[in-house]
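A short write-up of the structure that comes next.
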Amino acid sequence: MENTNEKTLAEQLKDQLLMNPENGGIRMDDAVIAKAGEFCEAYKTYLDNAKTEREAVTTTIKMLEKEGFVPFDAAKKYSAGDKVYLNNRGKALLFAVMGKRPLTDGVKIIASHIDSPRLDLKPRPLYEESQLAMFKTHYYGGVRKYQWTAIPLALHGVIVKKDGSTVTVAIGEAEDDPIFCINDLLPHLAKDQNQRKLFEGIRGEELNVLVGSLPFRDDKISEKVKLNIIRLLNEKYGIVEQDFLSAELTMVPAHKARDLGFDRSLIGSYGHDDRVCAYTSIMASLQNAAPECTWINILADKEETGSDGNTGLNSRFLEYFVADLAKPYGIEGRTVLSKSQCLSADVNAAFDPTFPDVAEKRNIAYIGYGVVVTKYTGSGGKGGTNDSSAEFAGTVRRILDDADVVWQTGELGKVDHGGGGTVAKFISRLGVDTIDIGVPVLSMHAPMEVVSKLDVYNTYLAFDAFLQSK
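Here numbering that gives the first Met the number 0 is used: position 301 in the sequence shown is 300, and no number is missing along the way.
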C-alpha cells in the first residue's frame, strides 16, 4: 500500500527553499498562547496608566526602582550588574545595566518612543462662545482630525504656576470624573461640510473641546461661563488663567485598553504607537539584569513630531549618556557607539482587508504573524530612512530564528502611497548598527488602535533574545 505520508520531491524542495509565513496561532501551542494573553494583561494596565509621555516616564521609573535601579551619576564608575536610569526632564528616559564585557565591545540599545498623537491645548485655550465654555487645541503628530470628534476625551498634563510649583492634572479617567468632547455637525445640517475633502472634514481650528455651560451668577460681567470654569479650576488646583501659559495640557481618549474580538485575541486602545514597543522592551530588559554586554533602553519623546527638542532623539542626550558612562574608564563615547547595535523599537502598519489598495501584499505585515522587522522606512525613494545593512539584518534574523521567535518583515504600504519614519536614523548616524522592529498595528494613529496579543508577546521575546545574544 502506498505511503501517503511520504513527501514528494517538490514538497521537500518547498520546505527547504521557500518561505512559509503563517499565522502565529498555528505555530504557537496553547500554553504559549496563554502566556501571551497573561503578558498582555499587565500591558493593558501600563497603557491605562501612561497616556502621555510624562505618565509613561513616571510609571516606568516606579517599575525600575522596584528592581533596584538608581539615578545615574555621571561622576561614578559603574561595575557589572549596576542598574541606573536617567530621567530627561520628566518626558524621556534612559536606563541601563552594566555588563561583564568591556564597553569597548559596544552596547546593545533598544529605543522606542512614548509620545502618541493627541490634541494639545493652546497657550490661551479657554474661551466662551454662545454660553458654552471651550478649549482651543493644536493637534500633535499625524492625526486624522475627523476621528477625534464626538468621542469621550480626558484632560492630562501639568501646570507650572508662577511660584514654580507644579500641578498634575488627570480628569476623565475615573468613573465619577467628567469627560469632555469635540462637537460635530448633525447629518441634517452637514450638506456643506459633506462637500469638503476628507482631510478637511474637520479643520484644525474646529477641534474645540466642550468643557462647560453653567454661568457664574452675576449680571455685571460678560463671559460668565468662562469665569465659572476658571473658578472651579482655581478651587481644585489653585490656578488662574495666566497659568495656562506655562502648562502642558493635552486631550486624549478617555477609554481604557480592552480585549477585542470574540476570541479576545486583540487589544483595542489608545497609544499602542509606540507604548507597545516601550512596554515590551521594558519587560525584556528587566529579565536581563546580569547581562554579558551592557544594554541601554531608551524611551524617547517627540518622535511623532520629528524627534526634535531636548527630549527627542534628534538631540544628543543618548550620545551624552554614553560618553558619561564611558568616561570613567578612559574610553571615548564614540568608541562605544561605533561597536554598538540597536533595535529601533517602533510599530509598523498591518494589512487591513478593508483597504487593500494601499498595501503591497507581499511586503506588508499581517496581524498575528509575529513581530515585524523593517529594514528601511522613509517615503518614496527611501527618503529619510536608516536602511539597515544586510549584515546587521542577517544578525537579527539569526537571533530571532535561534530563539524561535515568530517574526515577519514589512513595509509601510506601497512605495508611492506615503510612508513614515522612526528614531532609527538618529541613532544610526552615531555609528550604531540599527534596524527597525516592532508590532504591526491596525488603525495606527487613531484614538483606538488595534494589535494582536501574539504579536505583542513575540515582540517581547524578540527583545529578550537580542539582549541575551552574544
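All residues carry an ideal CB built from backbone N, CA and C; glycine is no exception.
- Counting C-beta pairs with one atom in each stretch, the stretch 112 to 120 and the stretch 269 to 276 have three or more that are closer than 8 Å, which means they touch.
- Residue pairing by DSSP puts serine 111 in a beta bridge opposite Leu298.
- By DSSP's assignment, leucine 85 forms a beta bridge with Leu93.
- When DSSP states are grouped into helix, strand and coil, valine 56 belongs to the helix group.
- As DSSP reads the structure, leucine 131 sits in a beta bridge with Glu128.
- Around the CB of glycine 367, 16 or more other CB atoms lie within 10 Å, so the residue is classed as buried.
- The stretch 208 to 238 is shown to contain whole beta strand (DSSP E) runs of 3 or more residues at 208 to 211, in chain order.
- The C-beta distance from glutamate 291 to glycine 98 rounds to 5 Å, short enough to fall under 8 Å.
- Here the alpha carbon of phenylalanine 465 sits roughly 57 Å from the alpha carbon of leucine 213.
- Here the stretch 183 to 203 makes no contact with the stretch 214 to 228; the two share fewer than three CB pairs at distances below 8 Å.
- Per the coordinates, the alpha-carbon of threonine 58 lies some 14 Å from the alpha-carbon of threonine 167.
- Beta-bridge analysis with DSSP links serine 343 to Ala110, Asp435.
- When Gln407, Gly141, Asn22, Ala30 are compared, the shortest CA-CA separation from methionine 443 is found for Gly141.
- Sorting Lys374, Glu64, Ser280, Ala149 by C-alpha distance to the C-alpha of alanine 389 places Lys374 at the top.
- Sequence-distant partners of alanine 73 (beyond 5 residues in either direction) whose C-beta falls short of 7 Å from its own C-beta, in its chain, are Asp323.
- The C-beta of valine 69 has fewer than 16 other C-beta atoms within 10 Å across all chains shown, which makes the residue exposed.
- Assigned with DSSP and collapsed to three states, threonine 167 falls in strand.
- DSSP places valine 321 outside any beta strand (DSSP E); the residue lies instead in the alpha helix (DSSP H), whose first and last residues are 316 to 325.
- In the structure shown, the three-state DSSP call for lysine 190 is coil.
- When the Cα atoms are used, asparagine 4 and glutamate 21 turn out to be separated by approximately 22 Å.
- Between leucine 152 and phenylalanine 134, the C-beta spacing is not below 7 Å.
- DSSP places threonine 408 inside the beta strand (DSSP E), whose first and last residues are 406 to 408.
- Comparing alpha carbon positions, the residue from Leu298, Arg274, Ala253, Arg100 closest to tyrosine 42 is Arg274.
- With respect to histidine 155, lysine 255 sits apart: the two C-beta atoms are not nearer than 7 Å.
- Taking each of Thr376, Gly377, Asn296 in turn and checking the Cα distance to isoleucine 108, the smallest one comes out for Asn296.
- Buried is the label assigned to proline 446, since at least 16 other Cβ atoms lie within 10 Å of its Cβ.
- Beta bridge pairing from DSSP links isoleucine 266 with Asp258, Val450.
- Assignment of proline 355 by DSSP, reduced to helix, strand and coil, places it in the helix class.
- DSSP places isoleucine 158 in the uninterrupted beta strand (DSSP E) bounded by 152 to 159.
- Judged by beta-carbon spacing, alanine 299 lies within the 7 Å limit of leucine 312, meaning their Cβ atoms are closer than that value.
- For valine 69, the secondary structure class from DSSP, reduced to helix, strand or coil, is strand.
- Just measuring C-alpha positions, the residue of Ile426, Phe71, Val449, Asp345 sitting nearest isoleucine 436 is Asp345.
- The continuous alpha helix (DSSP H) containing alanine 41 extends over residues 29 to 48.
- Counting only residues of its own chain and dropping the five nearest sequence neighbours on each side, histidine 187 has no CB closer than 6 Å to any other CB.
- Below 8 Å, too few C-beta pairs join the stretch 23 to 33 and the stretch 214 to 221 to call them touching: fewer than three.
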